[in-house]
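Numbering (the UniProt record's numbering), first residue to last: 1 to 159. A quick write-up on the structure given underneath.
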């Protein structure tokens, strides 16, 4: 009578279950390491793009790891809030903002006629794009960390 030996399948199933349980911790650790790298890069780009001599804007940049460990983000701190809060000011600096409306003044006034001239200039402040610069700067580190994570998963499977 012919039979199939299935004794190795239970060991394989146990190995897969252990790997499946260890992957979230490995993924969270990889994201936390990447978060620190991205935060350093963002803070460095802020200090080179802005006159942030006291480090106020750079100190607002915090690392946030997802609750399941599936993503990492570097963004402005949650406080202070409001139109002059950390998130708003960081957004203004990153993307640019409108200047206050320029005042007009009377250049010349004749009988019943006022000639009004607006001050010359642009009404927009260009953004510094320090997040965008950081994104392109850390691509190589992200690739290296992804390969490291894949190697750790493969070694947990016994490969």
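No residue lacks a Cβ here, since even glycine has one placed at the ideal position from N, Cα and C. This structure is a prediction, so every number in the text was calculated from the model and none was measured.
| task | Please look up how many angstroms separate the CB atoms of residue 72 and residue 35, rounded, as I've assumed it's under 8 Å. | result | Between residue 35 and residue 72 the Cβ distance is about 4 Å, and since that is below 8 Å, they are a contact.
| Quick one: Cα of residue 54 to Cα of residue 65, how far? | If I take the Cα positions, the gap works out to 27 Å.
| field | Nearest to residue 32 (by Cα), restricted to the options 155, 141, 151 | value | Of the candidates 155, 141, 151, the one whose C-alpha sits nearest the C-alpha of residue 32 is 141.
| query | Quick one: Cα of residue 44 to Cα of residue 143, how far? | reply | Distance between the alpha carbons of residue 44 and residue 143 is about 21 Å.
| Is it right to say residue 61 is buried, meaning 16 or more other beta carbons lie within 10 angstroms of its own, or is it exposed? | With 16 or more other Cβ atoms within 10 Å, it is buried.
| residue 31 in three-state terms, based on DSSP | Here residue 31 carries a helix assignment [DSSP, helix/strand/coil].
| query | Got a sec, what are the start and stop residues for the beta strand (DSSP E) residue 73 sits in? | reply | Taken as a continuous stretch (DSSP letters only), the beta strand (DSSP E) holding residue 73 covers 72-76.
| Whose C-beta lies closer than 6 Å to the C-beta of residue 30 among residues of the same chain, with five residues either side of it excluded? | Cβ-Cβ distances below 6 Å link residue 30 to 145, 149 in the same chain, with the five nearest sequence neighbours on each side left out; the list follows chain order.
| task | Could you spell out where the alpha helix (DSSP H) holding residue 132 opens and where it closes? | result | DSSP places residue 132 inside the alpha helix (DSSP H), whose first and last residues are 130-137.
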